[in-house]
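Read through the structure below, which is laid out as structure tokens, and then see the notes.
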Amino acid sequence: MSSNSQYIAYPFSLMPSLLQLVIPFFLIAIVCSFLHDKSGGPGFYVGRISEGQFEYSDLNGWMTPGQAKEICENDEKCGGFTYKGTTLMNREVEIYFFHILVNLETDVDSWKWIFYKPTRTFIRFPGIFENEEDIENRKFVNSNIDG
């Protein structure tokens, strides 16, 4: 009977060291699944939207991610936002809004950042085209795109 108890105790004594080996790989797999989501649908993702020409700075400021989500979903010129923090919806962070989501960073350095894609698949800018006849040289005219 003592040999059986030693046999049963042996695998359990290895359990902590096995968990130490398995848990890091499991956590990496979870993070990678967030980073490589194939759906590309709406929601929060790990990563960062780089600064650039498509910033929607009129909306930027300190607020909760939940507030930012509501603002973005209700503004047809909002293509998404990014912030440094977690997906906790009730903690205020500095939010940066964008018209279009380009230059998404998902490398290790951007894992402290979150970005959000709204549920709609379009953005709308009010305005007109300056030259209707000359399609090649047509320009979009609006006195205040961000407002």
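Everything in the sequence shown is counted per this note's numbering, starting at 241 for the first residue and increasing by one.
Built from N, CA and C at the ideal position, the CB exists for glycine as well.
Item checked: CA-to-CA distance, ASN343 to LYS352, given in whole angstroms -> 16 Å
Item checked: Simplified DSSP assignment, three categories, for GLN293 -> coil
Check: With respect to the beta strand (DSSP E) encompassing GLU334, which residues constitute its N-terminal and C-terminal limits?
Finding: 333-338
Checklist line | Exposure label - LEU328; buried when at least 16 CB within 10 Å | finding: exposed
Note to self: Please determine whether the Cβ atom of GLY287 lies at a distance below 7 Å from any heavy atom of the ligand PLP.
What the structure shows: Annotation note on the ligand PLP: not contained in the displayed structure, which lists no ligands.
Check: Where do the ends of the beta strand (DSSP E) carrying LYS309 lie?
Finding: Note, LYS309: premise wrong, no beta strand (DSSP E); alpha helix (DSSP H) at 305-313.
Checklist line | Spatial distance of PRO191 from ARG364 (CA atoms) | finding: As shown, the chain starts at 241 and ends at 387. That puts residue 191 outside it, with no answer to give.
Next item on the list: Can you give me the Cβ contacts of PHE338 inside the same chain, cut-off strictly under 7 Å, excluding the 5 residues immediately before and after it?
Entry: ILE289, PHE294, GLU295, TYR296, GLY319, GLY320, PHE321
Next item on the list: Answer with buried or exposed for PHE355, where buried requires no fewer than 16 other C-beta atoms within 10 angstroms of its C-beta.
Entry: buried
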